[in-house]
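Participant: Take a look at the following structure, please.
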Amino acid sequence: MAPPLPPGLTPSEVGFLCEMEHVTVIPRQTLDGLELLGGPTGALKPPFPTPLPLWLALLLKKQRRANITPPPWLSVEALTQILDFETDERTAELFSPSPNLPPATTSAPLGDAATARAQADALPYHWLEIGHLLITHAADDFDDLDAVRKLLRDLREVRMSKLRKGFEVLDAGGGVKMNGVGGMEIAEVRGFVGGVVDGLRRLNRSREESRKERETEERENGLGSSSYRDDEDEDML
Amino acid sequence: MAARLRGRPAHAPGPTYLSYTPNGKKLITVGVNGALRVFQHGSDNEPAIIDVLTDGHTAVASTNDFIVVGAEDGSVTKYSLLTNSMEEILVRCSLPVRDVSLSKDGEWVAVASDELEVKVVNTRDMTRIMHLRDQSRPVKHVSFDVSGSTLAVSCTDGIVYMYSLSSEQPQLIKRVDGLIKTLETDVEASAKVAWHPDGRAFAAPTATRARSDWQRQKAFSGGHRADISAAAWSPNGALLATAGVDKSLCIWETRSQRLLKSYDDVQNAILAIDWHPTDNVCSYTNNNGELFIREDFVPGEHAKHLRIALQPAPMNNDPLSEISGNARKQVGNGDKPNGVRRSAEDQYLDDLLGPDAMSEDEMDFIEDDDGAGYAEETNHVGKRTAVANGGRPAKRHAPFATWNPQVHEAFQPGSTPWRGDRRYLCLNMTGFVWTVNQDTHHTVTVEFHDRQEHRDFHFTDPYKYDKASLNEKGTLFSCRPSSQTQQRAVLYYRPHETWTTRTDWRTQLPAGEEVTSMSLSESCIVATTSKGYVRIYSLFGLPLKVYRQKSMPAVTCASWRDYVITVGNGSVGGDGTTRMLYTIDNIRRDELCQSEDVVALGEDTELRSVFFSDKGDPCIYDTEGVLLILLHWRTPGQAKWVPLLDTKTMDRLASGRKDETYWPVAVANNKFHCIILKGSDVYPHFPRPLLVDFDFKIPVSSFPAGAADDEDRDAAQQKNLEEQYVRASLQHSLASDLVDNTNATSAQKAEVPVMEREVDKALLQLLAAECREGEERGMKALEIAALMRDRTGKMLEAAGKIAARFQRDILGEKITQLAERRLVGLVDEEDM
Numbered sequence: 001m002a003p004p005l006p007p008g009l010t011p012s013e014v015g016f017l018c019e020m021e022h023v024t025v026i027p028r029q030t031l032d033g034l035e036l037l038g039g040p041t042g043a044l045k046p047p048f049p050t051p052l053p054l055w056l057a058l059l060l061k062k063q064r065r066a067n068i069t070p071p072p073w074l075s076v077e078a079l080t081q082i083l084d085f086e087t088d089e090r091t092a093e094l095f096s097p098s099p100n101l102p103p104a105t106t107s108a109p110l111g112d113a114a115t116a117r118a119q120a121d122a123l124p125y126h127w128l129e130i131g132h133l134l135i136t137h138a139a140d141d142f143d144d145l146d147a148v149r150k151l152l153r154d155l156r157e158v159r160m161s162k163l164r165k166g167f168e169v170l171d172a173g174g175g176v177k178m179n180g181v182g183g184m185e186i187a188e189v190r191g192f193v194g195g196v197v198d199g200l201r202r203l204n205r206s207r208e209e210s211r212k213e214r215e216t217e218e219r220e221n222g223l224g225s226s227s228y229r230d231d232e233d234e235d236m237l
Numbered sequence: 001m002a003a004r005l006r007g008r009p010a011h012a013p014g015p016t017y018l019s020y021t022p023n024g025k026k027l028i029t030v031g032v033n034g035a036l037r038v039f040q041h042g043s044d045n046e047p048a049i050i051d052v053l054t055d056g057h058t059a060v061a062s063t064n065d066f067i068v069v070g071a072e073d074g075s076v077t078k079y080s081l082l083t084n085s086m087e088e089i090l091v092r093c094s095l096p097v098r099d100v101s102l103s104k105d106g107e108w109v110a111v112a113s114d115e116l117e118v119k120v121v122n123t124r125d126m127t128r129i130m131h132l133r134d135q136s137r138p139v140k141h142v143s144f145d146v147s148g149s150t151l152a153v154s155c156t157d158g159i160v161y162m163y164s165l166s167s168e169q170p171q172l173i174k175r176v177d178g179l180i181k182t183l184e185t186d187v188e189a190s191a192k193v194a195w196h197p198d199g200r201a202f203a204a205p206t207a208t209r210a211r212s213d214w215q216r217q218k219a220f221s222g223g224h225r226a227d228i229s230a231a232a233w234s235p236n237g238a239l240l241a242t243a244g245v246d247k248s249l250c251i252w253e254t255r256s257q258r259l260l261k262s263y264d265d266v267q268n269a270i271l272a273i274d275w276h277p278t279d280n281v282c283s284y285t286n287n288n289g290e291l292f293i294r295e296d297f298v299p300g301e302h303a304k305h306l307r308i309a310l311q312p313a314p315m316n317n318d319p320l321s322e323i324s325g326n327a328r329k330q331v332g333n334g335d336k337p338n339g340v341r342r343s344a345e346d347q348y349l350d351d352l353l354g355p356d357a358m359s360e361d362e363m364d365f366i367e368d369d370d371g372a373g374y375a376e377e378t379n380h381v382g383k384r385t386a387v388a389n390g391g392r393p394a395k396r397h398a399p400f401a402t403w404n405p406q407v408h409e410a411f412q413p414g415s416t417p418w419r420g421d422r423r424y425l426c427l428n429m430t431g432f433v434w435t436v437n438q439d440t441h442h443t444v445t446v447e448f449h450d451r452q453e454h455r456d457f458h459f460t461d462p463y464k465y466d467k468a469s470l471n472e473k474g475t476l477f478s479c480r481p482s483s484q485t486q487q488r489a490v491l492y493y494r495p496h497e498t499w500t501t502r503t504d505w506r507t508q509l510p511a512g513e514e515v516t517s518m519s520l521s522e523s524c525i526v527a528t529t530s531k532g533y534v535r536i537y538s539l540f541g542l543p544l545k546v547y548r549q550k551s552m553p554a555v556t557c558a559s560w561r562d563y564v565i566t567v568g569n570g571s572v573g574g575d576g577t578t579r580m581l582y583t584i585d586n587i588r589r590d591e592l593c594q595s596e597d598v599v600a601l602g603e604d605t606e607l608r609s610v611f612f613s614d615k616g617d618p619c620i621y622d623t624e625g626v627l628l629i630l631l632h633w634r635t636p637g638q639a640k641w642v643p644l645l646d647t648k649t650m651d652r653l654a655s656g657r658k659d660e661t662y663w664p665v666a667v668a669n670n671k672f673h674c675i676i677l678k679g680s681d682v683y684p685h686f687p688r689p690l691l692v693d694f695d696f697k698i699p700v701s702s703f704p705a706g707a708a709d710d711e712d713r714d715a716a717q718q719k720n721l722e723e724q725y726v727r728a729s730l731q732h733s734l735a736s737d738l739v740d741n742t743n744a745t746s747a748q749k750a751e752v753p754v755m756e757r758e759v760d761k762a763l764l765q766l767l768a769a770e771c772r773e774g775e776e777r778g779m780k781a782l783e784i785a786a787l788m789r790d791r792t793g794k795m796l797e798a799a800g801k802i803a804a805r806f807q808r809d810i811l812g813e814k815i816t817q818l819a820e821r822r823l824v825g826l827v828d829e830e831d832m
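From first to last, the protein sequence lines stand for chains A and B.
So for the first sequence, the UniProt record's numbering puts the first residue at 1; every next one is plus one.
So for the second sequence, the UniProt record's numbering puts the first residue at 1; every next one is plus one.
If you want it as structure tokens, here you go:
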């Protein structure tokens, strides 16, 4: 019997999915176009930059067959600007907005979120994963690696603390506005939030159960089945 | 003059120092005994003596009116030269004073003593004092730069501290480490910084450094066998005099760092040197109390160096037109510090005529009453400021200027000038060639974008190649002729792949001829030379052709397969600069495609680069940031320059936050490939920046991108479509030109109908936009429909459908009529 998977995507699954995003690659040798499941890739001809799926780009990078151009939002200026937005008092409640949606006409399943043509002043959905992967595997393609790494970490911490602050009000009926939060951030807090909500419910449940037991004892015959209610709760999460 | 050099015993034997007043009238010496001597320049009379209370003087600095003297008892005293008497003690240190330096305006005096701090005292108000405390050990020398805003402090810990004194609070701006030696304060050897008169560089015993980035620039080497004890720039910066503790005295030429003369008649170690501000006189004092005034210090054959205007400091990255091969002397136009030469006659004439006649000195016929700078203000010497203020006064020049057209300098496309010790010789879509200056030789590295196809290589280059050209087949180098080694200009070609053992070759140009620009294509090598020849070689070194260029001197050239474009200076336009003319030649067929046609450049615009696109159309990029392509160039007389992209109107610059320009690399895949230059950079530097590509955008209209409301967005969309139409028509005519005139491949032939369809597609979209606007736009819609290129009638059919969808019935009818008339051939090309 397969172990039960927690609901939603796990961080590793999100990390896997982000490798489908396209990044811009500067090839260092020629390669014909490939017919891949995700669609055909363009022929590589140095030094013309070509968009490729991240996984393929990383593979070529490891074999030193290509350089990856970091997307514009992964530059020191752009990250500083976004971090300023995140830490500014006036906008402290908000997450920096996600990039503008592409015009509805594009039929391509994946946009330009991480290519050289991406919008510079917004973090795309997979910013954390892509940033992490590029910094680890394409370190020599960055101008100022340490600054970028530091800014990414700062951003991550600022946004994470905002998320946590949001969860302080997490109670029955409480809600957190999560516009602009990235995929990995959601995957990361899912465990935490799930735990908290579960824990809260467990606390409440024991109280509730004891109350019910009392009621049952009083009536000598219970009406509601607690296990049935549990299932219902489980489904709600 | 005096045949034998005789020292004037100025002071008791011991260290002696001197200083000329800025006007050159007086020379002050100080020594160990309790007197200062004031010599009158040009007279052999006994000097005036100022008896003073202190003895053991260690430093002197002077202005026209007063001198400042430092002594071993720690006092710095100000003496008046008008009354030859002491005025006041400016500052008193607890330890011996080692050096004093006055700012140019005489306002501040910097005092170095054996104390840890440097004091900067106001000469008028001794209570105003600044302390510089960043150094950890006593300071040996201080030196103000020309502007008086920067103070170089040579510390005994071997570091030169640079302080900015422009604000009230002095600020340490740079520690220059590893430049000077670690010296004790009382040794004879010197670590004093000597600022070059143009203020951009300084010399210190060991090396010269540039001021902007504090990099070591050039070394004057090979003259002294021991430590340097004194150094001084000539007033115009063209020469440098240095003295060593080994009793040597040398004169160097700044521009080439060549040793001009070495004197061997020095008896004692020289402790201080100073040039006379105007005459060919240099004085020095030694450690034996003697003063030597050397007249005709610079030997006659080099004396011209003293008469020229302010010389630029020798910098590795100076825009000394290294990129341009043989820099032409630009006589007369502008006031660039180099190149402008003021003749000796000019100066003599000035002296003869005196201040009243025809000069801009005191009694000028133009009164500068509104301060707009018609008249040059004279400096304290009462002469023109040829020495200190940079270029020469332009006004003086105007009446006498001979007519000198401004000539465009030659350049090699894709190369950059020196910055630091390296430069790119060639940067294109195949790879890049860069060279590193190692003083005695260069090292050249060739790197490719495609590392699988070609292997990067690297070699030591004794010829000092200054131009290179790279393509898929090989690399071409050329070097300048050298007068010293009798080496002639050489072309060197190195193919990347061979099937024989050795196929690289060198060919020497005739003596005195220099390569001004060159280019390598897949089938030939082209070089334009300083004699005005265009020399064409095969890829294996066989000279194919030599002809004289019609428009000379040559500016640049480029080639693609058998087509060669050469650009030269033609006739002179109204603004005094020559018109650039280009010629396109097919060397295999020996046909001229275009002959002496104009390179269309706006006023004050310079050519930045010339290259062929990947489809073989000539392109130019100008300093205004516009990329132009040549259309219909295969038919003589039909060529016209069409703008493809105006980089200043690109969307990425719309926010106004970005300050960037672009350095052209190539036009390929219907994109403009370039390197982004930040700020005021003109050339790319190391590390190699990434190539960036931009789509073409013909400057049809300027519409702000990202407009807010719907109406604006619709209008922007409309403009976009219009631009798309113009661009598609341009590409269509480029493609059909290619097919009509060459043996085009099937792929190229297939492109023409594709482009035709693109044009019609843009027109259909425009038509739809017009139909949407309303019935009253019907005339324009019909005009658009008539522009359709398609001959099969399908596009007009589609246009009719669009009209029907928007229920423009009249328009639909007219379109059907048009289609019918076309079909039966009633409307031919002329009518449309």
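Even glycine gets a Cβ: it sits at the ideal position worked out from N, Cα and C.
Anything in chain B within Cβ reach of Q29 of chain A, meaning under 8 Å, just list it in chain order.
Facilitator: Within 8 Å Cβ-Cβ: D450, R451, Q452, E453.
Participant: Bridge partners for W560 of chain B per DSSP, in chain order?
Facilitator: BP columns for W560 of chain B point to B:Y563.
Participant: Closer than 8 Å, CB to CB, is T115 of chain A near chain B or not?
Facilitator: No, because no Cβ of chain B sits closer than 8 Å to the Cβ of T115 of chain A.
Participant: Hey, V751 of chain B and R789 of chain B are a contact pair by Cβ (cut 8 Å); roughly how many whole angstroms apart?
Facilitator: For clarity, residue 751 of chain B is Glu in the given sequence; the question names Val instead. Incorrect: roughly 14 Å between the Cβ atoms, too far for contact.
Participant: Identify the residues that DSSP records as bridge partners of S530 of chain B: which are they?
Facilitator: DSSP output for S530 of chain B lists no bridge partner at all.
Participant: Residue range of the alpha helix (DSSP H) that E660 of chain B falls in?
Facilitator: That residue, E660 of chain B, is in no alpha helix (DSSP H); its beta strand (DSSP E) goes 660-668.
Participant: With a threshold of 16 other CB atoms inside 10 Å of the CB of P99 of chain A, please say whether the residue is buried or exposed.
Facilitator: Its Cβ being crowded by 16 or more others within 10 Å, P99 of chain A is buried.
Participant: Flag E776 of chain B as yes when its Cβ comes closer than 7 Å to any non-hydrogen atom of the ligand GDP, and as no otherwise.
Facilitator: For the ligand GDP, the structure offers nothing, since it holds no ligand at all.
Participant: Listed in chain order, which residues of the stretch 669-685 of chain B have Cβ atoms closer than 7 Å to some Cβ of chain A?
Facilitator: Cβ contacts with chain A: N669.
Participant: Any residues in the stretch 624-650 of chain B with a beta carbon nearer than 9 Å to a beta carbon of chain A? Which ones, in chain order?
Facilitator: The residues in question: there are none.
Participant: With a cut-off of 8 Å on the beta carbons, I'd call D575 of chain B and E606 of chain B a contact; round off their distance for me.
Facilitator: Between E606 of chain B and D575 of chain B the Cβ distance is about 13 Å, and since that is not below 8 Å, they are no contact.
Participant: Could you give the distance in angstroms between the alpha-carbon of V642 of chain B and the alpha-carbon of L631 of chain B?
Facilitator: V642 of chain B and L631 of chain B: Cα-Cα distance of roughly 7 Å.
Participant: Under the assumption that P27 of chain A contacts A66 of chain A (Cβ atoms under 8 Å), give the Cβ distance between them as a whole number of angstroms.
Facilitator: 5 Å between Cβ atoms; contact.
Participant: Rounded to a whole number of angstroms, what is the C-alpha to C-alpha distance between G778 of chain B and G793 of chain B?
Facilitator: Roughly 20 Å separates the two Cα atoms.
Participant: Excluding the 5 residues flanking P481 of chain B on each side, which residues of the same chain have their C-beta closer than 8 Å to its C-beta?
Facilitator: Within the same chain, P481 of chain B has close Cβ partners Q487, R488, A489, L509, A511, G512, E513, E514.
Participant: Drop a sphere of 10 angstroms on the beta-carbon of Y547 of chain B, count the other beta-carbons inside from all chains shown, and report buried for 16 or more, exposed for fewer.
Facilitator: Classification for Y547 of chain B: exposed.
Participant: So, does the CB of M552 of chain B fall closer than 8 Å to a CB anywhere in chain A?
Facilitator: Output row for M552 of chain B: interface = no.
Participant: Report yes or no: is there a C-beta of chain A within less than 8 Å of the C-beta of D693 of chain B?
Facilitator: Chain A contact via Cβ: present.
Participant: With residue 891 of chain B and A59 of chain B assumed to form a contact (beta carbons below 8 Å), what rounded beta-carbon distance in angstroms separates them?
Facilitator: Look at the range of chain B in this structure, 1 to 832, and you will see that residue 891 of chain B is not part of it.
Participant: Assign M429 of chain B to buried or exposed, taking buried as 16 or more other Cβ atoms, counted over all protein chains shown, within 10 Å of its Cβ.
Facilitator: M429 of chain B should be labelled buried.
Participant: Please state whether DSSP places C282 of chain B in a helix, a strand or coil.
Facilitator: C282 of chain B: strand per DSSP, three-state reduction.
Participant: Could you tell me whether the Cβ atoms of F672 of chain B and L645 of chain B are closer together than 8 Å?
Facilitator: Yes, Cβ-Cβ distance for F672 of chain B and L645 of chain B is below 8 Å.
Participant: Please check if any C-beta of chain A sits within less than 8 Å of the C-beta of M429 of chain B.
Facilitator: M429 of chain B counts as touching chain A.
Participant: According to DSSP, is R124 of chain B part of a helix, a strand, or is it coil?
Facilitator: Correct three-state label for R124 of chain B: coil.
Participant: Taking the straight line between their C-alpha atoms, what separation do you get for V567 of chain B and A769 of chain B?
Facilitator: Whole-angstrom Cα-Cα distance: 44 Å.
Participant: With contact counted as at least three CB pairs below 8 Å, one residue from each stretch, are the stretch 531-539 of chain B and the stretch 408-425 of chain B in contact?
Facilitator: With a cut-off of 8 Å, the stretch 408-425 of chain B and the stretch 531-539 of chain B do not count as touching, because too few Cβ pairs lie within range.
Participant: Comparing the C-beta of F192 of chain A with each C-beta of chain B, is any distance below 8 Å?
Facilitator: No, F192 of chain A lies away from the interface with chain B (no Cβ there is under 8 Å from its Cβ).
Participant: Counting Cβ pairs closer than 8 Å, one from the stretch 584-596 of chain B and one from the stretch 554-572 of chain B, do we hit at least three?
Facilitator: In short, these stretches touch, since the Cβ pair count reaches three.
Participant: Within 8 Å of any Cβ in chain A, is that where the Cβ of L766 of chain B sits?
Facilitator: Taking Cβ atoms only, chain A never reaches closer than 8 Å to L766 of chain B, which makes this a no.
Participant: Can you find a CB in chain A that lies within less than 8 Å of the CB of L165 of chain B?
Facilitator: With 8 Å as the cut-off, L165 of chain B does not count as an interface residue toward chain A.
Participant: When you compare only the Cα positions, how much space is there between A243 of chain B and D227 of chain B?
Facilitator: Rounded to whole angstroms, A243 of chain B to D227 of chain B spans 9 Å at the Cα level.
Participant: Give the C-beta separation of V148 of chain A and L163 of chain A to the nearest angstrom, bearing in mind that I take them to be a contact with Cβ-Cβ under 8 Å.
Facilitator: Wrong, their Cβ atoms sit about 22 Å apart, outside the cutoff.
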